[in-house]
Amino acid sequence: MSEGMKKEKRKPAGLKSSAEKRAKVDDNVRMVRDFEDERTATVVLKNVEGENVNEVDEIEEIYNNALEEVEDDKEKAVMLLSGTVHECNRIIQTNDGAKDKQPLPYKLYYLYGISLFDLSELDEPEDALEYLKLSLERLSQAKDIHETQVCEEKDTRIYVGLGKVNLSIARKAEKEKDVIESLNSSLMYFKTAFDALEAKISRLKSNEEQKKEYTTEIYNIIDLLLLYCENNPIFEAIECCSEFITQKLEELKKTTNTYEPHFFSAQLQWCLALYYLNLLDQSATDDDKDEGHDEHQRLALEKLEMAEKHLNSCVKSAADPASLPRETYIMFGEVLLNKGNLLSDSGNTEEEQYRLAAKKFKMAIDISAGDTDGLPEYVLEFVEEWL
6 MSEGMKKEKR KPAGLKSSAE KRAKVDDNVR MVRDFEDERT ATVVLKNVEG ENVNEVDEIE
66 EIYNNALEEV EDDKEKAVML LSGTVHECNR IIQTNDGAKD KQPLPYKLYY LYGISLFDLS
126 ELDEPEDALE YLKLSLERLS QAKDIHETQV CEEKDTRIYV GLGKVNLSIA RKAEKEKDVI
186 ESLNSSLMYF KTAFDALEAK ISRLKSNEEQ KKEYTTEIYN IIDLLLLYCE NNPIFEAIEC
246 CSEFITQKLE ELKKTTNTYE PHFFSAQLQW CLALYYLNLL DQSATDDDKD EGHDEHQRLA
306 LEKLEMAEKH LNSCVKSAAD PASLPRETYI MFGEVLLNKG NLLSDSGNTE EEQYRLAAKK
366 FKMAIDISAG DTDGLPEYVL EFVEEWL
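Mapped onto my numbering, the consecutive letters of the sequence shown carry residue numbers 6 to 392.
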């Protein structure tokens, strides 16, 4: 083992960072915040001028176009989202001022609310919390109108949107009690979305493609919650999400034979391990070890071993291990690397864990046909040192 490895204990960050998951715009790209501004309206009016179409459907198309532009042209995406909000606001104000005021479709309020949420995430305005509060109000209106106007199954988009908004509010809350309050609201709405999606799945008999689409929506929610848990300093928040996620994953393991439930179970344990690893890193900066150091080390190792167990199940569940996404092996490598660090701290040999970790990292590289784009530099150095 090299002296460099002994001197610098590598405790990697999480599998995915918030910066990688959330779309961002350049600092010089600012959205038009006045939703009655003519520049914003022009984006929308160009799409509807001279056409005899349903305005709400046209607004939905503009919103969908905005989502398509997020990766390639964030400035345009922000403009289209701002235009969506402008048009929704215009229709509502016009209707409010009309003598023969008519009930508006719930989808209009949904598009209004979800566009505000997307702007708060994409553009990250200084007053993002105000965006989220208004988004919550509009999405709640969409939910109430849908429940009274529509006699059909729940529109899961509304509940997923409400869950996302409350989760973002929890992330921005300063007081722990406010964090937990918003988080519980988020989990409540996600639970409703889960139930609605499962009801849709149960009604499908032979449409496997549609079943897969609904199941993917469930996994997307779980992934969002895991991202929230990653490196979260509030244990009660992690614990709330952990109980919620675990229950859903155990249900999925009984009804599916795919790798995903095992993968997300591993990621949950990895998030829990990160909480204790971060506490250990904090205590390592002190001259005297915190009295909870040994317990934190024990719990971190326990969570890492559970993550390793789930990852092994994940690999076994795949017909071809090479068909798994490379994130599986990146996480596997990080789990084993940190396990090696802890074994070293406790006086046990760590070389075997490091070699196994390097093999998992190498597997991630091989799956991508040697493409190392997106891999941290320390991973490449680690593979070179230990293989």
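Cβ coordinates follow ideal geometry from the N, Cα and C atoms, glycine included.
All values reported here derive from a predicted model rather than from experimental measurement.
Beta-carbon gap between T197 and Y164 smaller than 8 Å:
By the CB criterion at 8 Å, T197 and Y164 fall inside the cutoff.
Give the straight-line distance between the Cα atoms of V388 and I227, rounded to the nearest whole angstrom.
Roughly 31 Å separates the two Cα atoms.
Going by CA-CA distance only, name the one from E76, E300, G375 and K177 that's closest to E131.
The option with the nearest alpha carbon to E131 is K177.
Tell me which same chain residues have a C-beta within less than 7 Å of the C-beta of S191, skipping the five on either side of it?
The answer, listed in chain order, is G168, N171, L172 and A175.
So, helix, strand or coil for D128, using DSSP?
Correct three-state label for D128: coil.
Please state the DSSP three-state secondary structure of Y136.
Assignment of Y136 by DSSP, reduced to helix, strand and coil, places it in the helix class.
Quick check on Q302: buried or exposed, where buried means 16 or more other Cβ atoms within 10 Å of its Cβ?
For Q302, the number of other beta carbons within 10 angstroms of its own is at least 16, and it is reported as buried.
Which stretch, first to last residue, makes up the alpha helix (DSSP H) that contains G88?
In this chain, the alpha helix (DSSP H) harbouring G88 covers K79 to D101.
Relative to the alpha-carbon of F240, which residue among Y264, Q107 and L284 has its alpha-carbon at the smallest distance?
Nearest of Y264, Q107 and L284 to F240, Cα basis: L284.
Whole angstroms is fine: what's the gap from F249's alpha carbon to Q274's?
If you take the alpha carbons of F249 and Q274, they lie about 13 Å apart.
Please state the DSSP three-state secondary structure of D160.
It is coil, neither helix nor strand.
Which of helix, strand or coil DSSP assigns to T354
Here T354 sits in coil by DSSP.
Need the endpoints of the alpha helix (DSSP H) that T260 sits in, please.
The continuous alpha helix (DSSP H) containing T260 extends over residues F240 to T260.
Does the beta-carbon of P108 have 16 or more other beta-carbons within 10 angstroms, so that it is buried, or is it exposed?
If you draw a 10 Å sphere on the C-beta of P108, you find fewer than 16 other C-beta atoms in it, and that means exposed.
Can you tell which of I243, E235, F199 and Y219 has its C-alpha closest to the C-alpha of V184?
V184 has its Cα closest to that of I243, out of I243, E235, F199 and Y219.
Sequence-distant residues of the same chain with beta carbon closer than 6 Å to L380, five excluded per side:
There are no such residues.
Classify I372 as helix, strand or coil using the three-state DSSP reduction.
Helix.
Mapping the DSSP letters down to three states, classify K26 as helix, strand or coil.
Any reading at K26 must be qualified, since the residue scores a pLDDT of 36, below 50, and its modelled position is unreliable; the value itself is stated next. Three-state DSSP puts K26 in a helix.
L202 - containing alpha helix (DSSP H), residue span
From DSSP, the alpha helix (DSSP H) with L202 extends over E181 to R208.
Simplified DSSP state of L380, which is helix, strand or coil:
Judged by DSSP in its simplified three-state form, L380 adopts coil rather than helix or strand.
Go ahead and label P266 buried or exposed: buried means 16 or more other beta carbons lie within 10 angstroms of its beta carbon, across all protein chains shown.
Here P266 is buried, its C-beta having at least 16 other C-beta atoms within 10 Å.
Euclidean distance between Cα positions of E218 and K259:
The straight-line gap from Cα to Cα measures roughly 18 Å.
For L279, which option in I206, K308 and R360 has the closest C-alpha, if you only look at C-alpha atoms?
Residue K308 is the option with its Cα nearest to L279.
If Q146 sits next to Y114, beta carbons under 8 Å apart, how far is it from one beta carbon to the other, in whole angstroms?
At roughly 4 Å, the Cβ-Cβ gap stays under 8 Å, so Q146 and Y114 are in contact.
Can you look up V340 in the DSSP assignment and give me helix, strand or coil?
If DSSP states are grouped into helix, strand and coil, V340 belongs with the helices.
Alpha-carbon to alpha-carbon, D160 and I150:
Each residue's Cα considered, the two are about 11 Å apart.
Three-way DSSP call (helix, strand, coil) for E2 in this model:
With the chain covering only 6 through 392, there is no way to say anything about residue 2.
Taking the C-alpha atoms as reference points, what is the distance between E179 and K138?
Going by the C-alpha atoms only, they are around 15 Å apart.
What residue from T99, A289, A82 and H91 has the CA that sits closest to A128's CA?
Correcting the residue type first, residue 128 is Asp in the shown sequence and not Ala. Nearest C-alpha to D128 among T99, A289, A82 and H91: A82.
Which same chain residues end up closer than 7 Å to F268 when comparing Cβ atoms and leaving out the 5 residues on each side of it in sequence?
Taken in chain order, the residues that qualify are C319 and T333.
Report the CB separation of A71 from L86 in whole angstroms; it is logged as a contact under 8 Å.
Approximately 5 Å separates the beta-carbon atoms of A71 and L86; this is inside 8 Å, confirming the contact.
Looking at the secondary structure, which residues open and close the alpha helix (DSSP H) in which L304 lies?
Looking at the DSSP string, the run of the alpha helix (DSSP H) that includes L304 is H298 to S322.
Do A369 and R331 have their C-beta atoms closer together than 8 Å?
It is a contact, given that the beta carbons lie within the stated cut-off.
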